[in-house]
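Residue numbers (my numbering), protein chains in the order written: chain A, 19 to 112; chain B, 88 to 572.
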Amino acid sequence: MNISKEEVLKVANLARLELSQEEAENMAEQLATILGYVAKMDEIDCRDIAPTTHVLAIENAFRDDVMKPSLSQAEALANAPLHNDEAFIVPRII
Amino acid sequence: MELSALTIHETQELLTKGETSSVEVTTAVFARMTAVEPKVAAYITENRDQALNQAADADAMRSRGEGGALCGIPLAIKDVICTKGLRTTAGSRILENFIPPYDATVMEKLQGQGAVCVGKASMDEFAMGSGNENCFYGTPHNPWHLDHICGGSSGGSAAAVAADECMASLGSDTGGSIRQPASHCGMVGIKPTYGRVSRFGLLAFASSLDQIGPITKDVRDAALMLNAISGYDPRDSTSAQVDTPDYTKALVAGLAGLTVGVPEEYFGAGLDPEVEKVVRHGIDQLKAAGAQVKAVSLPHTEYGVAAYYIIAPAEASSNLARYDGVRYGRRDMAADSLIDLYKRSRSQGFGDEVKRRILIGTYALSSGYYDAYYKKASQVRTLIVEDYKRAFSQCDVLVSPVTPTPAWKIGEKASDPLSVYLSDLLTIPANLAGVPGMSVPCGFSAAGLPIGLQLQGSHFREETLLKVAYNLEQRLGVVGRKPVL
């Protein structure tokens, strides 16, 4: 298994992470080792096996559409690093 | 004996007789914390003032004839469970200042009984780790051997109980994070069936695997804690609508009529001979208690780690996308575009292991790789689920080691993430199949490190695990042995 530094940087961008060149090199090496191990799954022929995403047979969880107390605006904003008491503030996007 | 050294049920007896009060017990626990916390470092945040108020409230509840089995009992809570008004960091720098505006369902349930929260326990960042060495706030030390890990990711939760810095605790288990530290610290730990305990208010790591559960000093306490936190919760859409029994009723002597399965794959290469000896001795005790012992096979066990290290990081990469520096958590104030804000806040806030898993997960889900990794892992998961179904048609409970070795030295595996991942090979399958798993103290290594025995059962059969654990505990008499601190 081989993963290039460039591939790591591409994936990091998708995941919205910033890596230094050195970090990217280390990660490339570690990811190659880990995914190399994961390739162990190739020993099994899974062609006719249905995938499992959920272990219990749970159906859609519906609830009645009724009003319930929720967080106030002040509570929802309390942990925001930057807000104007009405909304979260982010850098200009348009 | 010091009050802090008592179990929940022993404390309840004294409280009921009026021989002590919750304020007195909680004060004793804080005195113990003052004495040993510099060595153990089990907590990220202590909750001294609030806890003493909660204890006074609990005493008032008790005098009115109210409160549950946990009324007035000092508990530690893993720092990944939201506690209203009390900082919750998930062991991460990105949540250094996060004060949850609401309580997790399990906290509401504990508080409803009158339990006291003495602090938020240390953990691997976002529960990603097996040694509690990935915590931004420092690594806790194993109370039995201070230069060894406590296990992870609920390392602080296990260490705090073992060091008598609380009477019991809550942890969370995605691939072994309750059972493994419980084993390394000589405590009882249960990962309940997926869906048994509400995850509302648990900061999500891998949503198809995560489950909250207790770490306690003995099996009776585990039953009491499980009684308190189990049950359907409409706020967790994956919580199961099944009845919760009174788990203390499962604690009866004798295992006649019960079949214990010993999965050969759990005793394979890499198993430390000391661990094997202790666990085999435990199995002999179960036989002596009347159980029938039978060899069984779960042939896909060896593929569990590979499937897990795709599924868990894939889910984590999605769950952790919410940490964007906007609504809560660390934010880079200098960033001048939104993308930069995300990137810089996340890169400064997350540690290496979390970044590594986000990258693995993003890679595995990215275009062109999905079938080779995520789909394949989900198919392997099916095979593991089928292994369990087959095994449980032949036996009631599976008995095995929890971990292949006793706790390792702090720092020993720092440069080798894969070797740490592989240490979870015996606990991961239970999460992939959603079955309940439990670690029960079973003995010690020659160096004095605790060794646990793992029990696994069918979905929603925690009672069977508790019954077997109770019998093992009665026969081994390992409870009550304390680390010297």
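Every residue gets a Cβ at the ideal spot worked out from N, C-alpha and C, and that includes glycine.
Alpha carbon to alpha carbon, how far is residue j from residue i? Give it in angstroms, no decimals.
i, j, result
"residue 381 (chain B)", "residue 372 (chain B)", "14 Å"
"residue 504 (chain B)", "residue 104 (chain B)", "51 Å"
"residue 89 (chain A)", "residue 437 (chain B)", "27 Å"
"residue 182 (chain B)", "residue 364 (chain B)", "43 Å"
"residue 293 (chain B)", "residue 267 (chain B)", "18 Å"
"residue 375 (chain B)", "residue 449 (chain B)", "50 Å"
"residue 493 (chain B)", "residue 508 (chain B)", "15 Å"
"residue 477 (chain B)", "residue 548 (chain B)", "16 Å"
"residue 145 (chain B)", "residue 420 (chain B)", "43 Å"
"residue 521 (chain B)", "residue 172 (chain B)", "32 Å"
"residue 74 (chain A)", "residue 284 (chain B)", "14 Å"
"residue 180 (chain B)", "residue 226 (chain B)", "14 Å"
"residue 133 (chain B)", "residue 207 (chain B)", "6 Å"
"residue 54 (chain A)", "residue 20 (chain A)", "8 Å"
"residue 452 (chain B)", "residue 564 (chain B)", "48 Å"
"residue 523 (chain B)", "residue 22 (chain A)", "40 Å"
"residue 72 (chain A)", "residue 291 (chain B)", "16 Å"
"residue 271 (chain B)", "residue 100 (chain A)", "43 Å"
"residue 572 (chain B)", "residue 379 (chain B)", "40 Å"
Could you pull the start and end residues of the beta strand (DSSP E) that residue i belongs to?
i, result
"residue 570 (chain B)", "Unbroken run through residue 570 (chain B): none, as it is neither H nor E."
"residue 104 (chain B)", "Element bounds for residue 104 (chain B): not the beta strand (DSSP E) but the alpha helix (DSSP H), 95-104."
"residue 529 (chain B)", "524-531"
"residue 32 (chain A)", "Premise fails: residue 32 (chain A) lies in the alpha helix (DSSP H), 23-32, not in any beta strand (DSSP E)."
"residue 537 (chain B)", "537-544"
"residue 130 (chain B)", "130-133"
"residue 193 (chain B)", "Run containing residue 193 (chain B): none in the beta strand (DSSP E); it sits in the alpha helix (DSSP H), 192-200."
"residue 260 (chain B)", "255-260"
"residue 163 (chain B)", "161-165"
"residue 272 (chain B)", "Premise fails: residue 272 (chain B) lies in the alpha helix (DSSP H), 266-272, not in any beta strand (DSSP E)."
"residue 488 (chain B)", "484-488"
"residue 126 (chain B)", "No beta strand (DSSP E) contains residue 126 (chain B), which is instead part of the alpha helix (DSSP H) from 109-127."
Using a Cβ-Cβ distance cut-off of 7 Å, determine whether residue i contacts chain A.
i, result
"residue 175 (chain B)", "no"
"residue 160 (chain B)", "no"
"residue 180 (chain B)", "no"
"residue 601 (chain B)", "In this structure chain B extends from 88 to 572, so residue 601 (chain B) is not present and cannot be described."
"residue 496 (chain B)", "no"
"residue 256 (chain B)", "no"
"residue 428 (chain B)", "yes"
"residue 572 (chain B)", "no"
"residue 523 (chain B)", "no"
If we define contact as Cβ-Cβ less than 7 Å, is residue i a contact residue for chain B?
i, result
"residue 93 (chain A)", "yes"
"residue 6 (chain A)", "In the structure displayed, chain A extends from 19 to 112; residue 6 (chain A) sits before or after that span and is not available."
"residue 87 (chain A)", "no"
"residue 75 (chain A)", "no"
"residue 112 (chain A)", "no"
"residue 42 (chain A)", "no"
"residue 48 (chain A)", "yes"
"residue 19 (chain A)", "no"
"residue 108 (chain A)", "yes"
"residue 179 (chain A)", "Here chain A covers residues 19 to 112 and nothing more, so residue 179 (chain A) does not appear."
"residue 105 (chain A)", "no"
"residue 32 (chain A)", "yes"
Given a cut-off of 7 Å on the beta-carbon distance, is the pair residue i and residue j in contact?
i, j, result
"residue 217 (chain B)", "residue 239 (chain B)", "yes"
"residue 416 (chain B)", "residue 428 (chain B)", "no"
"residue 229 (chain B)", "residue 222 (chain B)", "no"
"residue 539 (chain B)", "residue 529 (chain B)", "yes"
"residue 515 (chain B)", "residue 362 (chain B)", "no"
"residue 138 (chain B)", "residue 205 (chain B)", "yes"
"residue 369 (chain B)", "residue 342 (chain B)", "no"
"residue 339 (chain B)", "residue 486 (chain B)", "no"
"residue 472 (chain B)", "residue 59 (chain A)", "no"
"residue 212 (chain B)", "residue 178 (chain B)", "yes"
"residue 387 (chain B)", "residue 474 (chain B)", "yes"
"residue 245 (chain B)", "residue 210 (chain B)", "no"
"residue 444 (chain B)", "residue 403 (chain B)", "yes"
"residue 161 (chain B)", "residue 88 (chain B)", "no"
"residue 247 (chain B)", "residue 129 (chain B)", "yes"
"residue 321 (chain B)", "residue 298 (chain B)", "no"
"residue 67 (chain A)", "residue 469 (chain B)", "yes"
"residue 553 (chain B)", "residue 334 (chain B)", "yes"
The ligand SAM and residue i: does any heavy atom of the ligand fall closer than 6 Å to the residue's C-beta?
i, result
"residue 101 (chain A)", "Questions concerning the ligand SAM fall outside what the structure shown contains, since it holds no ligand whatsoever."
What residue range does the alpha helix (DSSP H) around residue i cover?
i, result
"residue 465 (chain B)", "463-479"
"residue 506 (chain B)", "504-509"
"residue 277 (chain B)", "Segment 275-278 is the beta strand (DSSP E) holding residue 277 (chain B); no alpha helix (DSSP H) there."
Please look up how many angstroms separate the CB atoms of residue i and residue j, rounded, as I've assumed it's under 8 Å.
i, j, result
"residue 164 (chain B)", "residue 256 (chain B)", "7 Å"
"residue 251 (chain B)", "residue 422 (chain B)", "Incorrect: roughly 46 Å between the Cβ atoms, too far for contact."
"residue 447 (chain B)", "residue 49 (chain A)", "6 Å"
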